[in-house]
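Single-structure report; data block below.
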Amino acid sequence: MPKENDGHISGMPLSGAYRALEINSFVLDYKQIYLREVLNIEEPPCDLFILREGLPYRLHEKNLALNNQTVRDWVEAGITKIFVKTIDHKILISKQNENLRSNTRSLSIGDPFEKSRRQTSLLASHLKFFYEDTTNDELLNLLYQSVRSYAHFLMDHMKIHHMTYTDFSRQKHHYIHSQPVLSSLFLIGVLKQARIFNDKDIENFFVTSFFKDVGMSCIPFEKYAQKELNLNDKKLLVNHAQNSASILLNRIPISTNCFKIIENHHIFSTLTRELEHFTPESSQQLIMGIETVLISITDIIAAMISERPYRPATSLFQSLDLIRELISNQHPQEFKLLISYFKNYFSKNKAN
Ligand SMILES: [Fe+2]
Numbered sequence: 096m097p098k099e100n101d102g103h104i105s106g107m108p109l110s111g112a113y114r115a116l117e118i119n120s121f122v123l124d125y126k127q128i129y130l131r132e133v134l135n136i137e138e139p140p141c142d143l144f145i146l147r148e149g150l151p152y153r154l155h156e157k158n159l160a161l162n163n164q165t166v167r168d169w170v171e172a173g174i175t176k177i178f179v180k181t182i183d184h185k186i187l188i189s190k191q192n193e194n195l196r197s198n199t200r201s202l203s204i205g206d207p208f209e210k211s212r213r214q215t216s217l218l219a220s221h222l223k224f225f226y227e228d229t230t231n232d233e234l235l236n237l238l239y240q241s242v243r244s245y246a247h248f249l250m251d252h253m254k255i256h257h258m259t260y261t262d263f264s265r266q267k268h269h270y271i272h273s274q275p276v277l278s279s280l281f282l283i284g285v286l287k288q289a290r291i292f293n294d295k296d297i298e299n300f301f302v303t304s305f306f307k308d309v310g311m312s313c314i315p316f317e318k319y320a321q322k323e324l325n326l327n328d329k330k331l332l333v334n335h336a337q338n339s340a341s342i343l344l345n346r347i348p349i350s351t352n353c354f355k356i357i358e359n360h361h362i363f364s365t366l367t368r369e370l371e372h373f374t375p376e377s378s379q380q381l382i383m384g385i386e387t388v389l390i391s392i393t394d395i396i397a398a399m400i401s402e403r404p405y406r407p408a409t410s411l412f413q414s415l416d417l418i419r420e421l422i423s424n425q426h427p428q429e430f431k432l433l434i435s436y437f438k439n440y441f442s443k444n445k446a447n
């Protein structure tokens with residue numbers, strides 16, 4: 096593996112002051128990214144680095160071929176975070192923008208599962224890019240168009256939903272970037288099974304579900320790994336729904352109803368109730384229809400059955416038991432639909 100700073104770090108030890116200067120310079124000159132952010136880039140347009148003894152070593156040279164298997168091997172070897180030079184980060188994002196644009200345009204060509212796994216990976220990475228740059232209209236528009244097209248692709252390929260879910264879960268994106276993808280993947284299956292929505296409605300609700308959490312970008316990243324949150328942190332977390340709507344307002348063409356759904360998508364969450372943003376009575380008044388219930392509940396199920404840094408995943412049975420408590424009295428039809436969909440979905444999983 097070639098080293099970036101051969102003359103400085105091999106051989107004689109550095110003096111404390113000089114080393115401090117080098118480390119300060121490193122913090123300014125390099126940006127840490129997830130290794131999975133370079134997945135699907137055949138020839139990375141910039142050098143990739145790992146950190147050793149506080150200084151960068153080149154892991155991969157720019158413009159050299161890099162296949163996804165090599166990236167997976169690195170992950171297996173324990174490398175999950177890498178560094179790029181800060182000035183190169185935009186070039187890397189541009190390359191991934193091209194990849195997402197190209198995969199979206201060619202979704203109907205080739206192996207549907209390969210297209211789907213690539214699309215989920217690119218969408219999660221692009222959510223990260225967007226969370227870091229929420230005023231970027233070009234990026235938002237690319238995401239919006241890509242999510243719309245993916246909704247229609249998923250409607251046409253119901254048989255690959257489960258394979259996509261399994262593969263995407265293994266990609267282990269950070270949960271704030273994976274949760275919108277997973278919950279929307281569940282949602283589209285549930286909406287199709289309901290047989291009361293046309294394709295345009297399903298597309299709109301899929302888009303709504305995908306973008307409902309962009310307000311998470313307003314929360315300091317370290318909060319997402321904390322088990323115990325103080326009252327202010329909890330308020331910040333609950334307010335992400337309102338922040339999502341504020342970030343998206345007048346920027347993506349979704350209906351007023353969809354904005355209401357985004358604002359209220361945590362209506363059933365225990366944290367929302369704990370902070371008394373909604374009493375049970377007022378929360379019922381806010382529900383606009385079956386789509387609100389389905390978007391909120393698929394979000395809860397996707398979250399519960401996925402591991403978090405501060406808790407293990409719960410079983411599907413436990414998540415459905417909670418759903419029964421939350422909606423079986425007020426929304427019996429939606430409850431039956433969800434139970435039927437998820438039991439069928441995961442019993443197929445056991446058979447495979
Ligand atoms: Fe949310």
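Numbering (the numbering used here), first residue to last: 96 to 447. Don't be surprised by glycine CBs; every beta carbon is placed ideally from N, CA and C. None of these values were measured; they are calculated from a predicted model.
Quiz item: How many Å lie between Ala340 and Ile392 at the Cα?
Solution: 19 Å
Quiz item: Taking just the CA atoms, how far does Ala398 sit from Ser378?
Solution: Note on Ser378: pLDDT 49, under 50, position unreliable in the model; no value is reported.
Quiz item: Can the beta-carbon of Pro140 be found closer than 8 Å to that of Lys157?
Solution: yes
Quiz prompt | Environment of Asp308 [buried if 16+ CB atoms lie within 10 Å] | solution = buried
Quiz prompt | Close beta carbons around Asn100, own chain, < 6 Å, minus the five adjacent residues each side | solution = With a pLDDT of 43 at Asn100, under the threshold of 50, the modelled position of that residue is not reliable, and the figure given next carries that caveat. Excluding sequence neighbours, Asn100 sits near Leu150.
Quiz item: Is Asp308 near ligand 1, with its Cβ less than 7 Å from a heavy atom?
Solution: yes
Practice problem: Could you tell me if Tyr405 is buried or exposed, where buried requires 16 or more neighbouring beta carbons within 10 angstroms of its beta carbon? | Solution: exposed
Self-check item: C-beta atoms of Gly284 and Tyr152 nearer than 8 Å
Solution: no
Quiz prompt | Beta-bridge pairing of Phe208 - partner residues as DSSP gives them | solution = Note: Phe208 sits in no beta bridge, so no partner.
Quiz prompt | Simplified DSSP state of Phe437, which is helix, strand or coil | solution = helix
Self-check item: Where Asp124 falls, given that 16 or more other Cβ within 10 Å makes a residue buried
Solution: exposed
Quiz item: Any chance the CB of His335 is under 7 Å from a heavy atom of ligand 1?
Solution: yes
Quiz item: Given that a residue counts as buried once 16 or more other Cβ atoms are within 10 Å of its Cβ, and exposed if not, what is Pro275?
Solution: buried
Quiz prompt | Three-state secondary structure assigned by DSSP to Pro375 | solution = Annotation note: pLDDT 45 at Pro375 (below 50); position unreliable, coordinate value reported separately. Pro375 falls in the helix class under three-state DSSP.
Quiz item: Which partner residues of Pro151 appear in the DSSP bridge assignment?
Solution: Leu146
Quiz item: With DSSP run on the structure shown, which of helix, strand or coil describes Ile400?
Solution: coil
Quiz item: How is Arg419 classed by DSSP in three states: helix, strand or coil?
Solution: helix
Quiz item: Thinking just about the alpha-carbon of each residue, which of Gly310, Leu249, Lys295 and Ile271 is nearest to the one in Phe281?
Solution: Leu249
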